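Undergrad: Converting from the sequence shown to our numbering requires adding 11 to each position, the first position being numbered 1. Every residue, glycine too, gets a C-beta built ideally from N, C-alpha and C. Everything numeric in this text was worked out from a predicted model, so none of it was measured. Just passing along the structure, written as structure tokens.
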Amino acid sequence: MNSIKETPWDAAVFGIDTYELETISIETMKSVKSRKGHYTARVNSLESTLLLHEAGFYYCDTLLQPYCTKEMLKKYDDKDVTIHKASDFKLLLGICHGAFRFGRFHRDPNIHDSDADRRYDEWLHDLYKQHKVFELRYDGKLAGFIGVEENTLILHAVAEEFRGRGLAKYLWSALCSELFNNDHTEILSSISAANVAALNLYISLGFRIRNSTDIYHYLNKC
Ligand SMILES: CC(C)(COP(=O)(O)OP(=O)(O)OC[C@H]1O[C@@H](n2cnc3c(N)ncnc32)[C@H](O)[C@@H]1OP(=O)(O)O)[C@@H](O)C(=O)NCCC(=O)NCCS
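Next comes the structure, spelled out in structure tokens:
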């Protein structure tokens with residue numbers, strides 16, 4: 012199928028074929044209509060979505076890209092915060108499971124919340140196996156995690172019992188400083204526009220926001 016790529020990691024979780032559109036055109040829509048599966052389309056927020064709507068795609072999320080240079084970072088230091096390479100997946104899973112309710116699959120009425128939860132659990136597991144996850148500890152206790160790929164913070168959460176206490180900026184500061192010390196010149200992330208706690212966190216740290224991308228889904232049950 013031209014202009015449509017398979018996303019086998021999602022197919023394995025949802026038990027149906029899953030795809031992501033690389034271009035949006037009449038030809039692509041014909042392919043979508045001809046094959047059963049779950050489809051994702053990402054569009055710049057000002058791009059026309061007429062073809063998507065005509066084909067039956069529905070809106071699920073808007074992703075924003077926070078970015079920060081070393082000069083922009085507002086650091087919050089706390090001597091009780093430490094970061095470590097993650098070493099116990101079960102503990103991380105306890106934080107991850109059910110945490111990502113702002114994710115696009117949780118907001119998709121065609122996907123069960125339990126499957127959406129498993130999708131994030133599996134993603135974390137993949138990152139963990141690749142040694143890309145950092146544990147964030149507060150006073151020696153596991154308080155959160157951040158999955159990192161190069162200079163991008165891709166999957167992150169604070170443990171429920173530590174959430175909402177204004178701690179996240181101290182935990183994130185420690186990891187951002189570590190990345191800048193490792194010669195990265197810019198740090199990126201990706202957050203849902205609806206996730207105001209994450210948005211406020213990045214703003215507190217001095218990040219700016221760019222690249223607004225709308226996510227549309229479609230389920231072809233044919
Ligand atoms: C996003 C997350 C990491 C933030 O951690 P947290 O401990 O909840 O956040 P904090 O209490 O440190 O607050 C962060 C900022 O958001 C603000 N905030 C917190 N909860 C808020 C809410 N419900 N509404 C609006 N603002 C909120 C705080 O005032 C704070 O800003 P400040 O430090 O300038 O005062 C955490 O909520 C979480 O793990 N959520 C589940 C997983 C998730 O959504 N991860 C992000 C995926 S993109």
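Is the beta carbon of Asn222 within less than 7 Å of some heavy atom of ligand 1?
TA: no
Undergrad: Would you say the region 122-131 touches the region 76-96, given that touching needs at least three Cβ pairs under 8 Å?
TA: With the cut-off at 8 Å, the region 122-131 and the region 76-96 do not touch.
Undergrad: Which residues in the same chain have their Cβ closer than 6 Å to the Cβ of Lys81, if we skip the five residues on either side of it in sequence?
TA: Closer than 6 Å at the Cβ level, and outside the excluded window around Lys81, lie Phe191.
Undergrad: From Asp99 to Leu153, what distance separates their C-alpha atoms?
TA: 10 Å
Undergrad: Quick one: what's got a C-beta closer than 6 Å to Arg115's C-beta in the same chain, skipping five residues either side?
TA: Here the set comprises Cys71, Asp72, Ile226.
Undergrad: Helix, strand or coil: which one does DSSP assign to Pro19?
TA: helix
Undergrad: Go through its chain and collect everything with a Cβ distance to Ser56's Cβ below 8 Å, but skip five positions before and after it.
TA: Thr73, Ser223, Thr224, Asp225
Undergrad: When DSSP labels each residue in this structure, what does Tyr87 get in the three-state scheme?
TA: coil
Undergrad: Could you tell me the distance, in whole angstroms, from the CA atom of Ala185 to the CA atom of Arg148?
TA: 10 Å
Undergrad: First and last residue of the beta strand (DSSP E) that includes Asp225?
TA: 219-231
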